[in-house]
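Encoded as structure tokens, the structure appears first; notes follow it.
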Amino acid sequence: MSTLYDVVVVGAGPAGSAAAITAARGGSKVALIERGIYPGAKSVYGGVMYLKVLDRIVPTWREEIPFERWITKRHTMVLDGSTSVTVSYHDDGWGRHPYNGVTCLRSNFDSWFASKAQLEGVDLITATTVVDVKFHSGSNPSVMGVTLSNSDQTVGCRSVVLAEGALSPLADRLGLSSPSKNHHLTLGVKEVLKLDPSTIDERFGVPHDQGVDIEILGGLSPLVGGGFLYTNRDTVSVGVIISLESLKHHQVRAEYALEQIKHHPSIEPFIKDSMQVEYLAHLIPEGGWRDRGTLMKQGVYVTGEAASSTLALGIWLEGINYAIEMGAIAGEHATRYSEGKYGDEASRQYEDDIKRSFVGKNLKKLRFAPEVVLSNPIQRTLPILLNKTASSIFTVTDPLPKSGLIKTLYRAIKEANVAVVPTIKALLKTFWSFK
Amino acid sequence: MIQRWTQSCDNDIYEKDSIITYVSMTERLSNNNFFIDKTPHIIVNQSICSGCEQRTCIHACPAELFVELHDGSIGFNYEQCLECGTCLILCSKDGALTWNYPNDGRGVSYRYG
Ligand SMILES: Cc1cc2nc3c(=O)[nH]c(=O)nc-3n(C[C@H](O)[C@H](O)[C@H](O)COP(=O)(O)OP(=O)(O)OC[C@H]3O[C@@H](n4cnc5c(N)ncnc54)[C@H](O)[C@@H]3O)c2cc1C
Ligand code: SF4
Ligand code: SF4
């Protein structure tokens, strides 16, 4: 069997398409293989992307991406019972160049991004699942090719980029995944709800090309996790992200938690009278840097979420930008590997380049944050405390005299029935983990 | 079809009962695009499941595809699988599930994502 390609990329998600682009630009002949009938057909995410990372790969992205709305308002909403406390930030400037976050549907974005790879000469092969990776035998057991679900032949190549996403059966089978990855998984379930664009403008208070990002903490009890509500052009995405541990422990369904969020009086007015058009579910590896596993072996590069690239702070997720950057680096290295430019140092060089990028730096810096955000004090105590305190500050008590702040706090703590010292410790720990 | 369900949430801090109007899973999944494979991509090994007490798959699958049948065996419908992998990760018994991605672009095909 002769070698057909220099580099085969498994998966046309953000990491895979980025890898295919940089590998092709490095001079490789590249195949990008995707199991969905189009790139994005199997993709699920919350809904907001931060794409400045594309400046170096597709500098014209701002004019080209199939976007829904530019995010100009970010809210973090903390729910308890039927009350909520919200922190909001509005930045009209985010609606203009160079922008900040943007809502995009994955079916549109992944197809657009893969088409950029095709423009670089990459062969995009869809509706095809890669089922195995084959290696040469003998003294230099480097990669020989991949096998596909719809043919018994091996597609020959010199290097493989595994960008298969959160669930990574191939990396698992090759022994490249971190053994602890499965302990740090969360499950995201989401609905896409159809609404008139003008209704969205009115309810969220934005012009037609601007959008809102609402992150939600609390309101999922007894499950552990968070929620989100994002505006697209004529749909909104509402979902929850639940730790698998808590799902297993409490035996409460994730979709019930989603329903709980949707019916909270602070959320329901945004989505009422909408029509559900899609229901989606996907896992998220939240272990970050600790769970990157073996990043390279015998010419097989693991990248994107298969290598836990997502910066997941419980409810605040940045995944697309991290997957793109890590994928782009993997593509460059796979090209050099396929040219035989690397010896034994190949693996270390890839890992070093990741470490030097914002992916490695931020994942390392914030490595304790996911645990803290999913911890009991933040999940249970904080929502109750915040809501009870706000309630006593804002509820007029005439003819009783107003109580001072200290007394209000003290009463909230008592009403919330929480132990003061562990709570203060947890809040300090949270602060510390984001320092 | 709209069903009503009651869920009591108990935790160490406070208790509440909530009643929420809830859309059935059949209706929830009816708007998704599925290209159904002729052969199932996930196979349940009943002889291993019969010795499983946790039955985590039943509660954890977000598409509610696992059910306990009258004879105690596990009923499973692969056709509306969202391919999330939750059942594979949370199943407590080795070898109970043979789990593969569907072939040839079959399975769920998201239009939004
Ligand atoms: C509920 C949820 C909410 C999220 N919210 C956000 C958010 O708001 N913002 C954000 O930036 N990130 C978010 N993320 C994270 C983001 O989705 C991921 O970080 C990102 O998709 C990872 O990209 P990837 O290319 O590594 O993997 P994926 O996007 O999963 O792509 C993998 C691709 O490989 C294909 N594939 C897999 N195996 C094979 C195979 N054997 N053969 C062929 N093809 C294969 C798949 O079909 C898929 O197209 C969220 C994730 C979830 C689940
Ligand atoms: S699939 Fe796994 S969790 Fe479900 S009944 Fe069988 S052994 Fe138990
Ligand atoms: S992969 Fe997900 S949707 Fe499919 S059966 Fe398993 S848990 Fe259910």
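As you go down the protein sequences, you meet chains A and B in turn.
Residue 243 in my numbering sits at position 243 of the first sequence; the count goes up by one each step and never skips.
So the mapping is simple: my numbering equals the position in the second sequence, first residue as 1, plus 1000.
By construction, the Cβ of each residue, glycine as well, lies at the ideal position given by its N, Cα and C atoms.
Should A:GLU164 be counted as a contact of ligand 1 given a C-beta to heavy atom distance under 6 Å? Counted from its first residue, the first sequence places residue 164 of chain A at position 164. Correct: A:GLU164 has its Cβ closer than 6 Å to ligand 1.
Tell me, please, whether the CB atom of A:GLU255 is closer than 7 Å to any CB atom in chain B? Position 255 of the first sequence, counting from 1, holds the residue named residue 255 of chain A. Closer than 7 Å: yes.
Neighbour list for A:ILE37 in chain B, Cβ cutoff strictly below 8 Å: In the first sequence, the residue the question calls residue 37 of chain A occupies position 37. Within 8 Å Cβ-Cβ: PHE1035, GLY1105 and SER1109.
Take A:ASP209 as the anchor and find which of A:ARG173, A:VAL146, A:GLY101 and A:VAL131 has the nearest alpha-carbon. Residue numbering aside, residue 209 of chain A sits at position 209 when the first sequence is read from its first letter. A check of alpha carbon separations from A:ASP209 across A:ARG173, A:VAL146, A:GLY101 and A:VAL131 identifies A:GLY101 as the nearest.
Could you tell me the alpha carbon to alpha carbon distance between A:LEU174 and A:SER88, rounded to whole angstroms? In the first sequence, residue 174 of chain A corresponds to position 174, counting from 1. In the first sequence, residue 88 of chain A corresponds to position 88, counting from 1. Cα to Cα, A:LEU174 sits roughly 45 Å from A:SER88.
Whole angstroms is fine: what's the gap from A:ALA307's alpha carbon to A:ILE406's? Translated into the one-based positions of the first sequence, residue 307 of chain A becomes position 307. Translated into the one-based positions of the first sequence, residue 406 of chain A becomes position 406. Their backbone Cα atoms lie some 47 Å apart in a straight line.
Leaving out five residues on either side along the sequence, give the residues of the same chain with a beta carbon under 6 Å from the beta carbon of A:ASP80. Looking up residue 80 of chain A in the first sequence gives position 80. The residues are GLY218, PRO383, ILE384 and ASN387.
DSSP puts A:HIS83 in a beta bridge; with which residues? Locating residue 83 of chain A in the first sequence gives position 83, where the first residue counts as 1. Just to set this straight, residue 83 of chain A is Thr in the shown sequence, not His. DSSP output for A:THR83 lists A:ASP80 as bridge partner(s).
Using 7 Å as the threshold, is the C-beta distance between A:ARG367 and A:TRP289 below it? Here residue 367 of chain A is taken as the residue at index 367 of the first sequence, counted from 1. Here residue 289 of chain A is taken as the residue at index 289 of the first sequence, counted from 1. Taking a C-beta distance under 7 Å as the contact criterion, A:ARG367 and A:TRP289 qualify as a contact pair.
Please say whether A:ALA330 and A:TYR301 have beta carbons closer to each other than 7 Å? Your numbering for residue 301 of chain A matches position 301 in the first sequence. Your numbering for residue 330 of chain A matches position 330 in the first sequence. In terms of Cβ geometry, A:TYR301 and A:ALA330 form a close pair [threshold 7 Å].
Per-residue contacts from A:GLY40 into chain B (C-beta, under 8 Å): Start at 1 with the first residue of the first sequence, and residue 40 of chain A comes out as number 40. Within 8 Å Cβ-Cβ: TYR1110 and GLY1113.
How far does the alpha helix (DSSP H) with B:CYS1154 in it extend, from its first residue to its last? As displayed, chain B neither begins before 1001 nor continues past 1113, which places residue 1154 of chain B out of reach and without an answer.
Grouping DSSP H, G and I as helix and E and B as strand, with all else coil, what is A:TYR45? Indexing the first sequence from 1 puts residue 45 of chain A at position 45. In this structure, DSSP gives A:TYR45 a state outside helix and strand, which the three-state scheme calls coil.
Excluding sequence positions up to five away, which residues of its chain have a Cβ less than 7 Å from the Cβ of A:LYS425? Here residue 425 of chain A is taken as the residue at index 425 of the first sequence, counted from 1. There are no such residues.
Helix, strand or coil for B:GLY1113, going by three-state DSSP, please let me know. Residue numbering aside, residue 1113 of chain B sits at position 113 when the second sequence is read from its first letter. Three-state DSSP puts B:GLY1113 in coil, outside helix and strand.
Would the beta-carbon of B:ALA1063 be found less than 6 Å away from any heavy atom of ligand 3? For this step, residue 1063 of chain B is matched to residue 63 along the second sequence. At least one heavy atom of ligand 3 is nearer than 6 Å to the Cβ of B:ALA1063, so yes.
Alpha helix (DSSP H) segment containing A:SER392, residue limits: Here residue 392 of chain A refers to the residue found at position 392 of the first sequence. Residues 382-394.
Anticipated Cβ contact below 8 Å, A:VAL192 with A:GLY16, distance rounded: Position 192 of the first sequence holds residue 192 of chain A. Position 16 of the first sequence holds residue 16 of chain A. With 8 Å as the limit, A:VAL192 and A:GLY16 do not qualify as a contact, their Cβ atoms being about 23 Å apart.
Sub-7 Å separation of A:ASP213 and A:ARG74 beta-carbons: Against the first sequence, residue 213 of chain A aligns to sequence position 213. Against the first sequence, residue 74 of chain A aligns to sequence position 74. Judged by beta-carbon spacing, A:ARG74 lies within the 7 Å limit of A:ASP213, meaning their Cβ atoms are closer than that value.
Could you work out which residue in B:ARG1028, B:THR1039 and B:TRP1099 is closest to B:GLU1079 when comparing CA atoms only? Taking the first residue of the second sequence as 1, we reach residue 1079 of chain B at position 79. It is B:THR1039 whose Cα lies nearest to the Cα of B:GLU1079.
I need the DSSP call for A:LYS262, collapsed to helix, strand or coil. Taking the first residue of the first sequence as 1, we reach residue 262 of chain A at position 262. It is helical.
Of all the options A:GLY227, A:TYR342, A:THR199 and A:VAL224, which has the alpha carbon lying nearest to the alpha carbon of A:ASP273? Along the first sequence, one-based indexing puts residue 273 of chain A at 273. The option with the nearest alpha carbon to A:ASP273 is A:THR199.
Look up B:ILE1042 in the DSSP assignment and give the residues it is bridged to. Here residue 1042 of chain B refers to the residue found at position 42 when the second sequence is read from its first residue. Looking at the DSSP assignment, B:ILE1042 forms a beta bridge with B:TRP1099.
For A:LEU313, is the beta carbon positioned less than 6 Å from some heavy atom of ligand 1? Mapped onto the first sequence, residue 313 of chain A falls at position 313. Remark: the shortest separation between the CB of A:LEU313 and any heavy atom of ligand 1 does not fall under 6 Å.
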